[in-house]
Amino acid sequence: MKPVPEIVALLKSHAQNAASRSYSPYSKFKVGAAVIGEGGEIFAGCNVENASYGLTQCAERNAISAAIAGGLLAGTLKSLLVYTPGEHVCPPCGACRQVMHEMMAEESQVISCCDGGVYKAWTRKEYLPDPFVPEISEG
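Heads up: the sequence shown begins at 291 in the working numbering, then just goes up one per residue.
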């Protein structure tokens with residue numbers, strides 16, 4: 291599934307704006323993300339690092355959390371775009387992929403892009419083919 295150029299441009303502008311507010315004094319790696327809901331609502335997030343590295347928050351999860359806090363329901367988010375400055379597309383980490391799987395719609399898409407025109411897109415099944423799901427944990 292190829293991303294809709296207008297959605298990519300819209301989400302990229304929100305993600306770039308969020309990346310500019312990143313708190314990344316340790317990695318110096320600014321990341322921004324934007325997610326869109328079924329009704330066209332857009333929520334953005336940036337990475338927020340911490341001296342205790344395990345407490346660092348990824349931009350993707352911050353954008354998803356903002357969407358849920360803003361009233362969107364888990365499983366209804368349509369597209370998420372991750373932006374990183376530079377010339378290389380960076381995919382989401384594994385923890386973000388697990389959260390995306392639960393919060394994104396079945397037919398959703400995740401897009402990673404950078405400053406150039408290069409991007410990569412994944413469907414829900416592509417970015418996390420074997421997710422941990424509640425049915426498994428209930429055993």
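Ideal Cβ positions, reconstructed from N, Cα and C, are used throughout, including at glycine.
**Q.** Span of the alpha helix (DSSP H), counted from its first residue to its last, around S317
**A.** In the sequence shown, counting from the first residue as 1, residue 317 sits at position 27. Per DSSP, S317 belongs to no alpha helix (DSSP H) and is neither H nor E.
(Q) Going residue by residue through the segment 311-389, where are the continuous alpha helix (DSSP H) segments of at least 4 residues, counting only ones entirely within it? (A) 349-359
Q) Between I332 and Q347, what straight-line distance do the alpha-carbon atoms span, to the nearest angstrom? A) Numbered from 1 along the sequence shown, position 42 holds the residue referred to as residue 332. Numbered from 1 along the sequence shown, position 57 holds the residue referred to as residue 347. Their backbone Cα atoms lie some 19 Å apart in a straight line.
Q. For K292, which three-state DSSP category applies?
A. Here residue 292 is taken as the residue at index 2 of the sequence shown, counted from 1. Correct three-state label for K292: coil.
(Q) If you follow the beta strand (DSSP E) that V400 is in, where does it begin and where does it stop? (A) Taking the first residue of the sequence shown as 1, we reach residue 400 at position 110. V400 -> beta strand (DSSP E) spans 394-403.
Q) Got a sec? Which residues, its chain only, sit under 8 Å from V389 by beta carbon, not counting five neighbours each side? A) Indexing the sequence shown from 1 puts residue 389 at position 99. Hits under 8 Å: E350, R351, I354.
Q) Buried or exposed: which applies to L362, given that a residue is buried once 16 or more other Cβ atoms fall within 10 Å of its Cβ? A) Counting from 1 along the sequence shown, the entry for residue 362 is found at position 72. L362 should be labelled buried.
**Q.** Pair within 8 Å by beta-carbon distance, K318 and Y373
**A.** Taking the first residue of the sequence shown as position 1, residue 318 is located at position 28. Taking the first residue of the sequence shown as position 1, residue 373 is located at position 83. Going by C-beta atoms, K318 is not nearer than 8 Å to Y373.
Q.
On the criterion of 16 or more Cβ atoms from any shown chain inside 10 Å, does N337 qualify as buried, or is it exposed?
A. Looking up residue 337 in the sequence shown gives position 47. Classification of N337: buried, given that the 10 Å Cβ count is 16 or more.
Q.
Is the separation between the beta-carbon of L370 and that of A323 shorter than 8 Å?
A. Position 80 of the sequence shown, counted from the start, is the residue given in the question as residue 370. Position 33 of the sequence shown, counted from the start, is the residue given in the question as residue 323. Closer than 8 Å, so yes.
Q) Nearest to I326 by CA position, among Y343, K410, A357, G344, is which residue? A) On the sequence shown, position 36 is the one that residue 326 refers to. Of the listed residues, the one whose Cα sits closest to I326 is A357.
(Q) Please report the distance separating the alpha-carbon of N340 from that of P375. (A) Reading the sequence shown from its first residue, position 50 is the one you call residue 340. Reading the sequence shown from its first residue, position 85 is the one you call residue 375. Taking the straight line from one Cα to the other gives about 20 Å.
**Q.** Proximity of A411 and K368 at Cβ, strictly below 8 Å
**A.** Position 121 of the sequence shown, counted from the start, is the residue given in the question as residue 411. Position 78 of the sequence shown, counted from the start, is the residue given in the question as residue 368. Their beta carbons are not under 8 Å apart, which means A411 does not touch K368 by this criterion.
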